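Okay, so here's the structure we're looking at.
Residue numbers (the UniProt record's numbering): 1 to 136.
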């Protein structure tokens, strides 16, 4: 089986996506679950999340009790006076929560927002990195 066929098979076996966040919120408006990819390198985990239309100052990232939460709020003011004729793009806030394992150095998490894509770099703790053991 070729790599392309495997990738297609993986995509076909995915569960239907849940796009709207169903948890309780105190801020009015719809919340969506942003599309997210997580990749692992030798030294870190990299989380890439789509949050189109969100400005840097409207992103809130918190870490508490090993729960990493991302809240990204949309500025609705450009949409207030519009009278939609046809819409496919839903406008709303984004929220996502992850449990962070003990292998992550939580003090060194880095965040970057560029062109509607939030990138979180979660470096692995020194004690969890692979190391070579010398024979004496």
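Note that the Cβ used here is the ideal one computed from N, Cα and C, for glycine as well.
These figures come from a predicted structure and were not determined experimentally.
For the beta strand (DSSP E) assignment, the uninterrupted runs of no fewer than 3 residues enclosed by the UniProt domain "CS" (31 to 133) are, from N- to C-terminal side, 36 to 40, 44 to 50, 54 to 64, 67 to 74, 93 to 99, 110 to 114, 117 to 123.
The residue from 115, 106, 86 with its alpha-carbon nearest to that of residue 61 is 106. The beta-carbon separation of residue 120 and residue 104, rounded to 11 Å, does not stay under the 8 Å limit for a contact. Sixteen is the threshold: since fewer than 16 other Cβ atoms of the shown chains lie within 10 Å of the Cβ of residue 56, the residue is exposed. By the Cβ-count criterion, residue 71 is buried, with 16 or more other Cβ atoms from all chains shown falling within 10 Å of its own Cβ.
For the pair residue 114 and residue 52, the Cα-to-Cα distance works out to about 10 Å.
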